[in-house]
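Visitor: To start, I am sharing the structure in question, which I have written as structure tokens.
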Amino acid sequence: KAGVTQTPRYLIKTRGQQVTLSCSPISGHRSVSWYQQTPGQGLQFLFEYFSETQRNKGNFPGRFSGRQFSNSRSEMNVSTLELGDSALYLCASKPGWGDTDTQYFGPGTRLTVL
Amino acid sequence: EDQVTQSPEALRLQEGESSSLNCSYTVSGLRGLFWYRQDPGKGPEFLFTLYSAGEEKEKERLKATLTKKESFLHITAPKPEDSATYLCAVQVVDNYGQNFVFGPGTRLSVLP
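Going down the list, the sequences are from chains C and G. Just add 8 to wherever you are in the first sequence, counting from 1, and you've got the working numbering. Just add 33 to wherever you are in the second sequence, counting from 1, and you've got the working numbering.
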């Protein structure tokens with residue numbers, strides 16, 4: 009079974025631009041979560057989508073948004089990029105919204121903001 | 034506030050030298066505790082899930098245990114390929130729903 013895939017793997021943007029990242033979950037998984045990982049803050053939860061609805065949201069500004077499509081694929085958008093948005097953005101999927109589900113991570117998208 | 038800490042921050046071992054990594058948590062509504070391994074530039078790789086105090090799980094040279102306030106990842110006779118950052122995460126239920134809170138990780142280096 010194919011794992012979680014993320015595209016693109018690397019991105020370079022400049023301040024003020026916007027960016028869209030894509031995540032395809034493991035086949036059959038309906039929950040997709042997004043995380044930001046930086047050396048200083050570690051892994052921080054952004055939001056979770058299940059059945060095209062945002063179910064949970066972390067403490068990030070409104071510049072960070074996401075959506076999920078009917079095939080469970082998800083996109084994350086960051087508008088008005090800041091230097092501090094440079095990070096590894098990770099997507100994770102799990103079968104459902106149950107509290108016994110394990111989530112599996114993709115390889116991440118490395119975003120560099122200049 | 035839900036919090037997860039890990040110690041040590043970094044650990045250097047000789048090949049074959051067993052040790053343990055610690056994950057301490059202060060959370061309400063714990064649903065599960067997860068261990069992941071992360072290699073540089075890659076996404077975390079799932080290792081174990083623990084749900085209740087006293088539970089233990091093993092995989093090759095790794096053994097994870099859980100108490101009411103902490104979890105240990107025991108590494109027996111490690112090899113250089115075990116070098117990675119080991120992340121601990123707790124799944125909690127808060128006012129916003131279910132959430133995963135990650136610790137900062139322990140960076141393990143195993144020298145040949």
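For glycine and all other residues, C-beta sits at the position ideal for the given N, C-alpha and C.
1) Let me make sure I understand the geometry here. Which of 120(C), 94(C), 72(C) has the alpha-carbon closest to that of residue 85(C)?
2) Grab the span of the beta strand (DSSP E) containing residue 110(C) for me, first residue to last.
3) Closest to residue 15(C) by C-alpha separation, out of 22(C), 24(C), 89(C), 32(C), would be which residue?
4) In this structure, how does DSSP classify residue 65(G) when only helix, strand and coil are distinguished?
5) Any Cβ of chain G within less than 8 Å of the Cβ of residue 112(C)?
6) Under a Cβ-count criterion, where at least 16 other Cβ atoms within 10 Å of its own Cβ denotes burial, should residue 139(G) be classed as buried or exposed?
7) Which chain G residues sit within Cβ distance under 9 Å of residue 53(C)?
8) What are the residues of the region 64 to 96 of chain C that lie near chain G, defined by any Cβ-Cβ distance shorter than 7 Å?
9) May I ask you to list, following chain order, the residues of the region 69 to 91 of chain G that have a beta carbon less than 7 Å from some beta carbon of chain C?
10) Report, in whole angstroms, the separation of the C-beta atoms of residue 77(C) and residue 60(C), which I expect to be a contact under 8 Å.
11) Residue 28(C) and residue 95(C) - do their beta-carbons sit closer together than 8 Å?
12) Am I right that residue 135(G) and residue 98(C) are in contact with their C-beta atoms under 8 Å? What's the rounded C-beta distance?
13) Which first and last residues belong to the beta strand (DSSP E) in which residue 110(G) is found?
14) On the criterion of 16 or more Cβ atoms from any shown chain inside 10 Å, does residue 34(C) qualify as buried, or is it exposed?
15) From this set, 113(C), 21(C), 9(C), 13(C), which residue's C-alpha is nearest residue 120(C)'s C-alpha?
16) Which whole-angstrom value is the C-beta distance of residue 70(G) and residue 122(G), which I expect to be below 8 Å?
17) Note down, in chain order, each residue of its chain lying with its Cβ closer than 6 Å to the Cβ of residue 40(G), except the 5 sequence neighbours on either side.
18) State yes or no: is the C-beta of residue 2(G) within less than 8 Å of the C-beta of residue 99(G)?
19) Going by beta carbon distance, what residues of the same chain come within less than 8 Å of residue 70(C), once the five residues before and after it are set aside?
20) Would residue 58(C) and residue 66(C) be called neighbours here (beta carbons separated by less than 8 Å)?
21) Which word fits residue 117(C), buried or exposed, when buried means at least 16 other C-beta atoms lie within 10 angstroms of its C-beta?
22) Counting contacts by CB-CB distance shorter than 8 Å, is residue 120(G) in contact with chain C?
Guide: Based on what the coordinates show:
1) What you label residue 85(C) is simply residue 77 of the first sequence in a count that begins at 1. Checked all of 120(C), 94(C), 72(C); the closest Cα to residue 85(C) is 72(C).
2) Numbered from 1 along the first sequence, position 102 holds the residue referred to as residue 110(C). Note, residue 110(C): premise wrong, no beta strand (DSSP E); not H, not E.
3) To locate residue 15(C), count along the first sequence from 1; it is residue 7. Considering only 22(C), 24(C), 89(C), 32(C), the residue with the shortest C-alpha distance to residue 15(C) is 32(C).
4) In the second sequence, the residue the question calls residue 65(G) occupies position 32. Correct three-state label for residue 65(G): strand.
5) As a working mapping, residue 112(C) is identified with position 104 in the first sequence. Yes, residue 112(C) counts as interfacial toward chain G.
6) Residue mapping note: residue 139(G) aligns to position 106 of the second sequence, counting from 1. Buried, by the Cβ-count rule.
7) Numbered from 1 along the first sequence, position 45 holds the residue referred to as residue 53(C). At a beta-carbon threshold of 9 Å, the residues of chain G lying near residue 53(C) are 132, 133, 134, 135, ordered along the chain.
8) Result list: 64, 65.
9) Correct list: 75, 76, 77, 79, 82.
10) Walking along the first sequence from the start, residue 77(C) turns up at place 69. Walking along the first sequence from the start, residue 60(C) turns up at place 52. At roughly 7 Å, the Cβ-Cβ gap stays under 8 Å, so residue 77(C) and residue 60(C) are in contact.
11) Counting from one through the first sequence, the residue named residue 95(C) turns up at place 87. Counting from one through the first sequence, the residue named residue 28(C) turns up at place 20. Not closer than 8 Å, so no.
12) Numbered from 1 along the second sequence, position 102 holds the residue referred to as residue 135(G). Numbered from 1 along the first sequence, position 90 holds the residue referred to as residue 98(C). About 10 Å separates the two Cβ atoms, so there is no contact after all.
13) For the purposes of this step, residue 110(G) is taken as residue 77 along the second sequence, with counting starting at 1. Counting along the chain, residue 110(G) falls outside any beta strand (DSSP E), and DSSP gives it neither H nor E.
14) On the first sequence, residue 34(C) is found 26 positions in, with the first residue counted as 1. It is buried - the Cβ of residue 34(C) has at least 16 other Cβ atoms within 10 Å.
15) In the first sequence, counting from the first residue as 1, residue 120(C) sits at position 112. Taking only the C-alpha atoms, the option nearest residue 120(C) is 21(C).
16) Residue numbering aside, residue 70(G) sits at position 37 when the second sequence is read from its first letter. Residue numbering aside, residue 122(G) sits at position 89 when the second sequence is read from its first letter. The pair is not a contact, with the Cβ atoms about 12 Å apart (cut-off 8 Å).
17) Position 7 of the second sequence holds residue 40(G). Excluding sequence neighbours, residue 40(G) sits near 55.
18) The requested residue 2(G) does not occur in the structure, where chain G is confined to residues 34 to 145.
19) Taking the first sequence and counting its residues from 1, one reaches residue 70(C) at position 62. Counting only Cβ-Cβ distances below 8 Å, and skipping sequence neighbours, we find nothing.
20) Translated into positions along the first sequence, residue 58(C) becomes position 50. Translated into positions along the first sequence, residue 66(C) becomes position 58. No. Outside cutoff.
21) For the purposes of this step, residue 117(C) is identified with residue 109 of the first sequence, where counting begins at 1. Residue 117(C) comes out buried.
22) The sequence position of residue 120(G) within the second sequence is 87, counting from 1. Among the CB atoms of chain C, one or more fall inside 8 Å of the CB of residue 120(G).
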